[in-house]
Amino acid sequence: SFYIVGKKDNPLYEYTPSQKKEDLNLLQQNQFFVHAALDMVDEEIWKTNSMYLKTVDKFNDKVISAYVTASHIRFMLLHEGKSEESVKSFFLEVHELYIKIMTNPLCDLDAPIVSPAFDTKVRAAARKYFQ
Amino acid sequence: TTLQTRTKPNIVDRPVPRGKSEVGLSAFCFLFSSMVQYLQTGVNSISDLEGKLSEAGYGIGVRMLEIVIYRDRSCKREIRVVPMLSLVKETLWKSMFGKAADSLERASDKDSEYMIHDREPLVNTYISVPKDFGNLNCASFVAGIIHGVLDSADFPCHVSAHSNPMGSEARTTYLVKFTEEVMERERRMTG
Chain A
1 SFYIVGKKDN PLYEYTPSQK KEDLNLLQQN QFFVHAALDM VDEEIWKTNS
51 MYLKTVDKFN DKVISAYVTA SHIRFMLLHE GKSEESVKSF FLEVHELYIK
101 IMTNPLCDLD APIVSPAFDT KVRAAARKYF Q
Chain B
132 TTLQTRTKPN IVDRPVPRGK SEVGLSAFCF LFSSMVQYLQ TGVNSISDLE
182 GKLSEAGYGI GVRMLEIVIY RDRSCKREIR VVPMLSLVKE TLWKSMFGKA
232 ADSLERASDK DSEYMIHDRE PLVNTYISVP KDFGNLNCAS FVAGIIHGVL
282 DSADFPCHVS AHSNPMGSEA RTTYLVKFTE EVMERERRMT G
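For the protein sequence lines, the chains are A and B, in the order given. Per the numbering used here, the very first residue in the first sequence carries number 1; after that it's consecutive. Per the numbering used here, the very first residue in the second sequence carries number 132; after that it's consecutive.
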């Protein structure tokens, strides 16, 4: 699952590849894990100049990787052990997409990203790097 | 015959502009002066007007930060005060005004205050302030941009523009006052 988290800890974007009915509880659990990991991310932000923060937290068999943009928008990926290279490449591609959306002066930076084109491109990036 | 409609590509399909394009100074100043005049309606004081100008610049600052660092291709963020201010003084200024700001200095008595000096602020090129407007400085707009940059990178501060003309130069100093939160974090990172 991939989340973009705004400055007020609010989700700006969410993408989970497979959504079966029985996974609904799992989805909520995932959101909880990601939210809890935000504190770890906020600590890491001040320890390095990098945007890619690698793995910031672990839960059972799941791992949370994070990426922070210049304006401190946090990208969180909850996964089961994908390669660092593919995770970093995915984050970089989504960062570029995010910049294209947010530079619009009429874009509310605290509001969820609703552009269908953005969604399509993020899904395509996920397919490209995680398959 | 069928009508051919040209579909404009979506913003996500277009590349991020490289930032080499320039806008005519007169066009920009015309737009800026219109903005100042527009913001004048519905404000009662000089500080209110400066506040509105500053607000107008804030959103630009947030977006400029992302764009400027992206174009740098370094994927690096600044987490210390001085490198962050250097980024503003050099990279941001070059991107907006074509050249770096004149100097960056720390206030002698307070380590939480810094000043960025600009000998001839571009935005004030054709602005003349009547005597009854006191010490209004329209470069408050640029102060707002600086504030947006620093604030979004989690360096909360107050930024204000002050005119200190020297001879024929319309010098402006941007005073950046960081909050105690920032100074404490800096101390922790140094110590």
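Quick reminder that beta carbons are idealized off the backbone N, C-alpha and C, glycines included. Being a predicted model, the structure only gives us computed values, none of them experimental.
Here residue 1 of chain A has 16, 30, 78 as same chain residues with Cβ atoms under 6 angstroms from its own Cβ, once five neighbours each way along the sequence are excluded.
The segment 260 to 280 of chain B makes no contact with the segment 50 to 57 of chain A, as fewer than three CB pairs between them are under 8 angstroms. DSSP places residue 234 of chain B within a strand segment (E or B) once states are collapsed to three. By the neighbour-count definition (other C-beta atoms within 10 Å, threshold 16), residue 257 of chain B is an exposed residue. Residue 291 of chain B: member of the beta strand (DSSP E) spanning 288 to 294, first to last residue. Counting other Cβ atoms within 10 Å of its Cβ, residue 249 of chain B reaches 16 or more and is therefore classed as buried.
Counting every other CB atom within 10 Å of its CB across the protein chains shown gives residue 165 of chain B a total below 16, marking it as exposed. The shortest C-alpha to C-alpha distance from residue 236 of chain B to any of B:247, B:146, B:159, B:253 is the one to B:247.
In the structure shown, residue 74 of chain A adopts extended strand secondary structure according to DSSP, grouped into three states. Within the segment 25 to 81 of chain A, the beta strand (DSSP E) runs of at least 3 residues that lie entirely inside it are, in chain order, 52 to 59, 62 to 68, 74 to 79.
The beta-carbon distance between residue 192 of chain B and residue 280 of chain B, rounded to whole angstroms, is 4 angstroms. This is short enough to meet the 8 angstroms contact definition. The continuous alpha helix (DSSP H) containing residue 129 of chain A extends over residues 116 to 129. Of the candidates B:224, B:239, B:215, B:224 places its Cα closest to the Cα of residue 253 of chain B. Across the set A:49, A:60, A:74, the C-alpha of A:49 shows the shortest separation from the C-alpha of residue 205 of chain B.
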